[in-house]
Each structure stands twice: as structure tokens, then as C-alpha cells.
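Take the position in the sequence shown, starting the count at 1, then add 8; the result is the number in the working numbering.
For reference, the structure is listed below as C-alpha cells.
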Amino acid sequence: MKPFVVVANRLPVDASPGGLVSALHPIARSSGGAWVGWTGEPDERPEPFEHEGVRIHPVELSGDDVDRYYEGQSNSTIWPLFHDSVEPPVHRRAWRVAYEQVNRRFAEAAAAASAPGATVWVHDYQLLLVPGMLRELRPDLRIGFFLHIPFPPVELFMQLPRRADFLRGMLGADLVGFQQPLAAQNFLRLTAQVLGLRPDGERVEYEGRTVTARAFPISIDVAEIEALAADPAVQDSARRLRKDLGGDRRLLLLGVDRLDYTKGIDQRIEAYGELLADGIITNDEAVLVQVATPSRMRVDHYRQLRERVEREVGRINGEFGDVGRVPLHYLFQSRTRAELVALYLAADIMLVTPLRDGMNLVAKEYVAARRDEGGALVLSEFTGAHSELSELCGGAFSVNPYDVDDLKRGIASAIAAGPEDLAGRMRRMREQVRAHDVDRWARAFLDTLG
Ligand code: ADQ
């Protein structure tokens with residue numbers, strides 16, 4: 009096996025790593041590879057160290073880098089632009105300069121960490137320039153790039169200052185992976201429109217090399233979620249949650265997201281408030297639990313979203329609640345994976361209603377957790393997960409999150425559905441998710457990269 013190096017904004021050293029880490033870490037370990045990334049703390053650069061059998065190469069970011077490269081260009085320019093501009097992207101020259109400098113630092117660290125002929129896999133929108141920079145430093149490497157977020161339509165991407173540089177950066181890879189086929193097509197069309205290249209099918213020739221652009225829909229560590237769902241302690245806490253929230257006579261609706269304006273949290277809460285106002289559901293019959301992980305709280309758009317959501321939660325509970333019983337529980341907190349799975353097991357209806365989302369792993373985690381084939385999933389059309397969980401198998405209740413009436417209709421359909429219909433839907437979704445876990449995703453990408 010060729011040595012395998014992962015380059016990602018963050019290092020895989022968190023207490024509860026996600027699916028990406030659990031899929032890629034073993035490959036890096038068994039190939040004698042490495043992981044290049046930032047610790048998450050400014051002005052900190054430990055020497056390279058060994059973590060669970062993988063060589064870790066920390067990249068240092070100063071406080072200014074965090075402001076400009078991470079919170080600026082990555083999270084206030086690229087993130088909103090690539091999510092349909094649901095909040096207006098902000099363009100600043102100083103951010104772009106810092107982004108380029110930090111990308112160069114990542115590319116240099118990756119070059120230093122990679123053995124001759126190694127395979128390097130670069131991840132996500134914070135590092136769009138790295139493949140091109142790394143190719144210049146190390147033409148001997150096999151380079152893959154995967155974008156975890158959507159890739160925007162041509163008209164939107166065209167607004168990005170220095171758009172050609174970003175495309176050239178991505179074209180430094182041999183394989184450019186996206187969540188959706190449409191995203192790969194957008195990218196290929198842009199190489200023609202901006203750089204005058206001639207894409208042919210899913211390939212395009214660039215500087216004497218062939219670059220392939222293709223969809224590789226990401227997934228989750230299904231075995232991990234299923235094991236948690238089978239754990240008697242997790243099942244106990246699911247029962248306790250239901251009891252605390254009013255027992256089986258009260259329908260439990262659930263939302264779990266990072267607090268991000270792309271996730272459609274405020275629209276979802278608005279729809280729920282209207283269902284209460286219309287009397288379609290009452291505080292005695294239903295309760296919504298919304299878990300929102302604090303995220304990017306130094307960015308203005310995120311602070312404003314928090315205020316909007318908290319005001320609306322207060323309004324709904326004030327208007328429709330009772331002493332000792334409220335219709336909406338809002339937790340601005342992170343939870344362990346075991347606690348999330350307990351919530352998934354307890355929930356009758358899972359609400360996943362983003363305005364735009366590359367994939368959405370919460371939807372897949374919910375499905376994986378429901379070994380009992382119980383529960384229902386209400387899912388936005390604008391998530392990557394919708395292709396698999398709705399279009400392909402008809403499992404989820406589809407909604408357009410921009411249309412409050414459609415959100416209400418989707419939730420009401422899930423409430424009204426019979427147990428056999430629901431079990432059939434859940435069975436079909438489970439088959440899809442279980443057959444396509446994150447290991448299969450990683451293998452498919454790396455086999456194609458070669
Ligand atoms: P995210 O935007 O972060 O990911 P998502 O795919 O839903 O969105 O993944 C979130 C992860 O965080 C899930 O594993 C979830 O369990 C966890 N999580 C959410 N809320 C939590 C909480 N309160 N406490 C603890 N954990 C919580 C980006 C893209 C997505 C894409 C993924 C993977 O935006 O579209 O699916 O990357 O490629």
C-alpha cells in the first residue's frame with residue numbers, strides 16, 4: 009500500500025471523532041501515513057507527534073489567520089457563496105491574501121509529510137488552493153480533493169473574486185470529488201467558461217494531465233451508530249427522555265444541527281409554531297426538541313441567527329406553553345454521540361430541513377440508529393441525502409424548506425402516516441444507508457484515485 013496522507017483543516021485528535029476520521033485514520037495508520045491539519049487553537053504549533061499510530065503534522069494559525077483565513081474567507085465568503093448565498097457572502101482582499109498564505113503553509117506541510125509517490129487526500133473548502141500548490145512542490149504525488157459542501161451553480165461561482173485561481177487550485181488534484189453529480193457538472197462547466205478548457209464527460213485535460221470530477225456521496229460509520237443504538241444504557245436513556253417529555257401520548261419531534269443559517273432551523277421552528285397556532289398539533293400532543301451545537305459564534309451571521317432562533321423559541325413557549333410543560337425544548341449545546349443516538353431512538357419524527365446542505369449526516373445517523381424500523385424522517389429537497397433517502401427509495405417525507413406551508417404539510421404527513429407505511433419507508437432507507445457506509449465511500453474514492 010502506498011503511504012497515505014490526509015490534509016484537512018482540523019487534526020483527528022478530538023475526543024469524539026466523526027465518521028471521516030474513523031474511515032481515514034485506519035488507512036493512514038496501516039499505510040504508515042500522516043495527517044496534516046490545525047489543532048483548533050491559535051498560536052499553537054506542537055512538534056509533529058504520533059497519535060494512535062498516525063504521524064500528526066500540526067499547521068500553525070495565528071489569531072489573525074483564524075480571523076481572516078478561517079472565519080473570513082472560509083466561513084464568511086466561500087461557505088455562504090457555496091450554499092446558494094442564503095446569507096450574503098462578504099468579500100475582503102485581506103481575507104483572500106491570508107487564505108492563500110495559509111493554504112501555502114498547508115501545502116508545504118503536506119509536501120514535507122509525504123513520502124515519494126505517496127497518495128495525498130486534501131479535504132474541503134478551507135483548502136481549495138492546496139492541490140495546485142502541492143502539485144507544484146511535489147509532481148510525484150497522487151493527489152485527491154474532496155469538497156464536503158455543495159459546489160454552486162455557474163452564475164453564483166462567477167461572483168467569486170479571483171475565481172480562476174480557485175479552479176486552478178482544485179485542478180491540481182487528479183481526482184476532484186463532490187457530494188452530488190450536479191456539483192461535479194458545475195465544476196466542469198466552469199473550467200470551460202473561466203479557463204477555456206474542454207471537459208469531456210467527467211474528465212478534463214489540464215496542463216498535460218487528466219483530471220476527473222465525480223460525485224462520491226459521503227456517509228457515516230453505520231456500525232458505530234448501530235452499536236450505540238443496541239447499547240442497553242443508550243436505550244434506557246431514550247426511554248427516560250420520552251418519559252420526561254410526557255410519555256407515549258406526546259409525539260416527539262427532533263432537530264439536531266450545528267447552529268448554522270444553512271440548516272433551516274428558524275424556518276423549521278416557524279413551521280412548528282404555525283402548526284400549534286393552527287391547532288393542527290397541541291402542546292399536549294407534541295413536543296419539539298431542537299439541539300443546536302454552538303458553531304462559529306464569532307461570525308456576525310451566526311450571532312444574529314442565534315438571536316433570531318432564541319427569540320422565536322421564547323415566543324412559541326410563551327404563547328403555547330403551560331407551567332411545567334412547553335412545546336419546544338431548545339438546547340444550545342454539544343452532545344456526546346451516545347446522547348445523540350438516545351435522542352434519535354426517542355424521536356417519532358426527525359426534522360432535517362436545511363436550505364442547502366452538501367450531504368447532511370444527521371439524516372443518515374437517524375436512519376442507522378432505527379434498528380427497530382420506527383420513526384419518520386422529514387427531509388429537505390436541498391440536502392445531498394435527499395437523493396438517496398427520498399428520490400432513490402421513497403423513504404423520507406420531502407419538503408421545500410423555503411415554503412412554510414410545504415414544511416407544515418410534510419410534518420403533518422409524517423404525523424398522519426400509518427405504522428406500516430412508516431416501517432416500510434424506514435426499512436428502505438436503512439437498506440440504502442447500511443449498504444453505503446463511510447468505509448465504502450473512502451474506498452470508492454481511493455480506488456478511483458488509484
Ligand atoms: P456539517 O455541516 O457539520 O457537515 P452534518 O453532515 O449534519 O453537517 O454533520 C454534523 C455532524 O455533527 C453529525 O455527525 C452530527 O451527529 C454532529 N452533531 C450535530 N449536532 C451535534 C450536537 N449538538 N452535539 C454533537 N454532535 C452534533 C459538513 C457539510 C455536510 C456534510 C458533512 C460531511 O456541511 O453537508 O454532510 O460535512 O461531509
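Beta carbons are placed, not taken as given, at the ideal position from N, Cα and C, and that holds for glycine.
All values reported here derive from a predicted model rather than from experimental measurement.
One or two residues paired with residue i in a DSSP bridge
| i | result |
| --- | --- |
| residue 160 | In DSSP, residue 160 forms no bridge with anything. |
| residue 76 | According to DSSP, residue 76 bridges with nothing at all. |
| residue 358 | 262, 385 |
| residue 150 | 127 |
| residue 330 | 333 |
| residue 503 | A query on residue 503 cannot be resolved here, the shown segment of the chain reaching from 9 to 458 and no further. |
| residue 301 | 266 |
| residue 15 | 44, 130 |
| residue 184 | 153, 221 |
| residue 296 | 261, 336 |
| residue 208 | 211 |
Extent of the continuous alpha helix (DSSP H) to which residue i belongs
| i | result |
| --- | --- |
| residue 224 | Note, residue 224: premise wrong, no alpha helix (DSSP H); not H, not E. |
| residue 275 | 273-285 |
| residue 178 | 171-179 |
| residue 252 | 240-252 |
| residue 111 | 101-121 |
| residue 456 | 446-457 |
Of the residues the options, the one placed nearest residue i, counting alpha carbons only
| i | options | result |
| --- | --- | --- |
| residue 390 | 406, 245, 380 | 406 |
| residue 444 | 179, 224, 164 | 224 |
| residue 37 | 430, 50, 54, 14 | 14 |
| residue 450 | 129, 168, 367 | 129 |
| residue 94 | 305, 204, 364, 211 | 364 |
| residue 325 | 177, 210, 294, 367 | 294 |
| residue 56 | 50, 156, 48, 44 | 44 |
| residue 425 | 404, 41, 456 | 404 |
| residue 65 | 9, 333, 118 | 118 |
| residue 310 | 267, 184, 381 | 267 |
| residue 214 | 227, 199, 257 | 199 |
| residue 220 | 454, 211, 18 | 211 |
| residue 435 | 74, 401, 237 | 401 |
| residue 352 | 369, 362, 340 | 369 |
| residue 275 | 35, 423, 318 | 318 |
| residue 446 | 228, 387, 280 | 228 |
| residue 40 | 30, 10, 51, 29 | 10 |
| residue 108 | 377, 174, 159, 290 | 174 |
| residue 141 | 121, 114, 131, 124 | 114 |
| residue 62 | 283, 21, 208, 263 | 21 |
| residue 92 | 284, 159, 169, 285 | 159 |
| residue 357 | 344, 378, 366 | 378 |
| residue 86 | 68, 116, 167, 120 | 167 |
| residue 347 | 133, 264, 453, 73 | 264 |
| residue 3 | 146, 104, 137 | Absent from the model: residue 3. The displayed extent of the chain is 9 to 458, so no value can be given. |
| residue 154 | 172, 148, 180 | 180 |
| residue 96 | 270, 143, 105, 286 | 270 |
| residue 105 | 297, 183, 323, 72 | 72 |
| residue 143 | 112, 345, 169, 157 | 112 |
Boundaries of the beta strand (DSSP E) in which residue i is found, first to last residue
| i | result |
| --- | --- |
| residue 140 | Looking at the DSSP string, residue 140 is not in any beta strand (DSSP E); the run it does join, the alpha helix (DSSP H), is 138-145. |
| residue 6 | There is no way to answer for residue 6, as the model of the chain reaches only from 9 to 458. |
| residue 430 | Element bounds for residue 430: not the beta strand (DSSP E) but the alpha helix (DSSP H), 427-443. |
Next item on the list: Could you pull out every unbroken alpha helix (DSSP H) segment of at least 4 residues lying fully inside the segment 362-415, listed in chain order?
Entry: Counting only runs of 4+ residues, the alpha helix (DSSP H) found wholly inside the segment 362-415 occupies 369-377, in chain order.
Note to self: Just to confirm the assignment: which complete beta strand (DSSP E) runs, minimum length 3, are found wholly within the segment 29-99?
What the structure shows: 42-46, 57-59, 62-66, all fully within the segment 29-99.
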